[in-house]
Amino acid sequence: MRKSVNLSTNLIEDNVKTKTMVTLGVLASGSGSNLEAIAVAITNGDLLAQIAVVIYNEPNAFVRQRAEKFGIPAILINHRDYKSRQDLDRKIIEVLQQYQVELVIMAGWMRIVTQVLIDAFPDRILNIHPSLLPSFKGNHAIEQAYNYGVKITGCTVHLLSVEVDSGKILKQAAVPVLDSDRLEDLQTRIQVQEHIIYPQAIAEYMRTISK
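Just so it is clear: in the sequence shown, position 86 is 86 by full-length UniProt numbering, and no numbers are missing.
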């Protein structure tokens with residue numbers, strides 16, 4: 001309960017300082033739990049933003065249902081339909097610009113992004129990764145940390161860069177690895193922290209770009 005109160009207070013303070021509604025576009029490939037966390041923060045008045053569109057690349061991704069629940073347009077851009085990553089990114093840009101997106105939020109987008117997309121939204125693409133970067137970059141980060149035997153891992157919100165999971169770090173949360181943990185237990189606790197820090201990081205970053 002304490003964490004929820006602090007989250008709300010911090011986000012409200014950031015939004016008062018920002019005084020600007022920012023239009024978000026979300027890219028997701030899977031269940032979309034981070035999308036829901038951000039949408040809930042907006043619905044509760046904790047985050048002064050609007051999600052204009054969700055783009056997903058897997059036809060059966062549950063993120064579509066989550067978007068529909070909040071009345072957010074969800075558009076399938078199947079990466080298999082494009083000959084190159086650059087062509088895929090150009091289509092993504094087209095849709096984001098159509099919805100006048102100002103800040104792009106990666107919420108489990110499982111595709112490598114090219115310079116084409118980064119150049120279209122310079123310093124305006126945020127990503128969340130389930131480790132304390134720069135440790136355990138790339139896929140299966142939680143499993144990597146678990147198998148390596150670390151005692152503390154966590155999650156990181158960072159600016160997107162061409163080099164995978166290497167952009168400027170904006171916010172992190174540490175999660176202890178307990179002796180009794182199964183991999184699934186650790187994944188669940190990291191996800192809880194993702195849902196807390198991602199709306200926070202968006203609010204804080206909105207404040208910096210509004211100056």
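Ideal Cβ positions, reconstructed from N, Cα and C, are used throughout, including at glycine.
For clarity, every value in this text was computed on a predicted model and none was experimentally measured.
Taking all protein chains in view, the Cβ of L160 is crowded by 16 or more other Cβ atoms within 10 Å, so the residue is classified as buried. L88: member of the alpha helix (DSSP H) spanning 85-98, first to last residue. With fewer than 16 other Cβ atoms inside 10 Å of its own Cβ, D185 counts as exposed. Take the alpha-carbon of Y205 and the one of S33: they are about 21 Å apart. The region 111-119 and the region 70-89 touch, with no fewer than 3 CB-CB distances between them shorter than 8 Å.
At the C-beta level, I105 and L126 come within 8 Å of one another.
Boundaries cannot be given for M110, as no alpha helix (DSSP H) includes it and DSSP labels it neither H nor E. A buried status is given to S131, since no fewer than 16 other beta-carbon atoms sit within 10 Å of its beta-carbon. Inclusion of L24 and L103 in the CB contact set at 8 Å is warranted, their separation being smaller than that value.
Pairing H158 with H195 gives a Cβ-Cβ distance that is not under 8 Å. In the DSSP assignment, the residues bridged to T23 are Q50. Beta-carbon to beta-carbon, V162 and G138 are separated by about 14 Å, too far to satisfy the 8 Å threshold.
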